[in-house]
Amino acid sequence: MAAVHGVPAEVLYAVSLTETVMAPSAIAGVMKKRDADFRLPSVARPWPWTINVAGKGYRYASRLEAWQALQVFLTRYPARRIDVGIAQVNLGWNGHRFSSTWAAFDPYISLNTAATILSECRRRHPVSWLQAAGCYHHPAGGAPAVRYTAVVRQHIERLHRDAVKTAEQHDGLTAMHPRYIWTEPRE
Numbered sequence: 042m043a044a045v046h047g048v049p050a051e052v053l054y055a056v057s058l059t060e061t062v063m064a065p066s067a068i069a070g071v072m073k074k075r076d077a078d079f080r081l082p083s084v085a086r087p088w089p090w091t092i093n094v095a096g097k098g099y100r101y102a103s104r105l106e107a108w109q110a111l112q113v114f115l116t117r118y119p120a121r122r123i124d125v126g127i128a129q130v131n132l133g134w135n136g137h138r139f140s141s142t143w144a145a146f147d148p149y150i151s152l153n154t155a156a157t158i159l160s161e162c163r164r165r166h167p168v169s170w171l172q173a174a175g176c177y178h179h180p181a182g183g184a185p186a187v188r189y190t191a192v193v194r195q196h197i198e199r200l201h202r203d204a205v206k207t208a209e210q211h212d213g214l215t216a217m218h219p220r221y222i223w224t225e226p227r228e
């Protein structure tokens with residue numbers, strides 16, 4: 042999805058984390074009284090059933106619950122005050138990019154839309170993907186974009202640290218079990 046638009050995957054993921062991150066304990070709270078087979082993630086992750094209305098975030102246990110809540114919010118607030126989905130796409134500015142409000146809660150469609158917006162922002166701010174992320178949040182720039190960029194940067198740095206840890210653990214595994222050898226894929 043990110044690659045189709047030329048967006049680095051870690052940038053799209055970091056934007057999603059910045060917009061809708063939930064810790065496992067918070068996910069457990071939202072999912073209480075839900076499917077007993079639901080397995081909690083071991084790390085914080087973006088939450089797709091999120092709505093932000095006039096600066097206040099709401100989390101739901103399912104796509105249907107989020108969509109139903111959105112229908113009520115749309116009767117009370119202008120669309121420009123409402124962000125939806127895993128990447129918190131603003132309905133007033135970018136709602137036309139979705140075929141319906143239901144589609145806005147599809148994580149793949151939402152991420153594809155976010156990648157499109159990030160790509161457009163990168164064309165406006167070709168210096169760095171961090172500047173593009175700031176534009177994603179606040180196209181006019183200024184302090185809100187700078188603050189947002191700092192949070193995205195922290196998420197990207199954490200992702201890189203975690204990737205190094207995973208690689209080191211993998212190296213330890215291959216040293217102990219030499220049959221696990223990385224083979225470079227061919228086109």
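Each residue of the sequence shown is one higher than the one before, starting from 42 at the first, in this note's numbering. Glycine included, every Cβ here is placed at the ideal spot set by N, Cα and C. Quick caveat, the model's predicted, so the values are computed rather than measured.
Nearest Cα to His-179 within the set Cys-162, Leu-58, Ser-169: Cys-162. Rounded to whole angstroms, the Cβ separation of Asn-153 and Gln-129 is 14 Å, and the two are not in contact under 8 Å. The region 109-118 makes no contact with the region 42-53, as fewer than three CB pairs between them are under 8 Å. Under the DSSP assignment, Arg-165 falls in the alpha helix (DSSP H) whose first and last residues are 148-165. Using a Cβ distance threshold of 9 Å, Glu-51 and Ile-158 do not count as a contacting pair. Judged by beta-carbon spacing, Trp-90 lies beyond the 9 Å limit of Thr-142, meaning their Cβ atoms are not closer than that value. Judged by pairs of C-beta atoms under 8 Å, the region 52-71 does not touch the region 133-147, as fewer than three such pairs exist. Within its own chain, the residues whose Cβ lies closer than 7 Å to the Cβ of Ala-95, once the five positions on either side in sequence are excluded, are Tyr-118, Arg-122, listed in chain order. Scanning Leu-171, Ser-57, Tyr-177, Trp-88 for the CA closest to the CA of Met-63 turns up Trp-88. Taking all protein chains shown into account, Leu-105 has fewer than 16 neighbouring C-beta atoms within 10 Å of its C-beta and is therefore exposed.
Taking C-beta separations shorter than 8 Å and ignoring five residues to either side along the sequence, the partners of Pro-49 in its chain run Ala-43, Trp-170, following chain order. The DSSP assignment places 132-135 as complete runs of the alpha helix (DSSP H) inside the region 105-149, in order along the chain (cut-off: 4 residues). Looking at the DSSP output, Met-63 bridges to Arg-86. Gly-126 is positioned such that its CB atom lies closer than 9 Å to that of Ser-151. In the three-state reduction of the DSSP assignment, Val-48 falls in the coil class. The beta-bridge partner set that DSSP reports for Lys-97 consists of Val-94.
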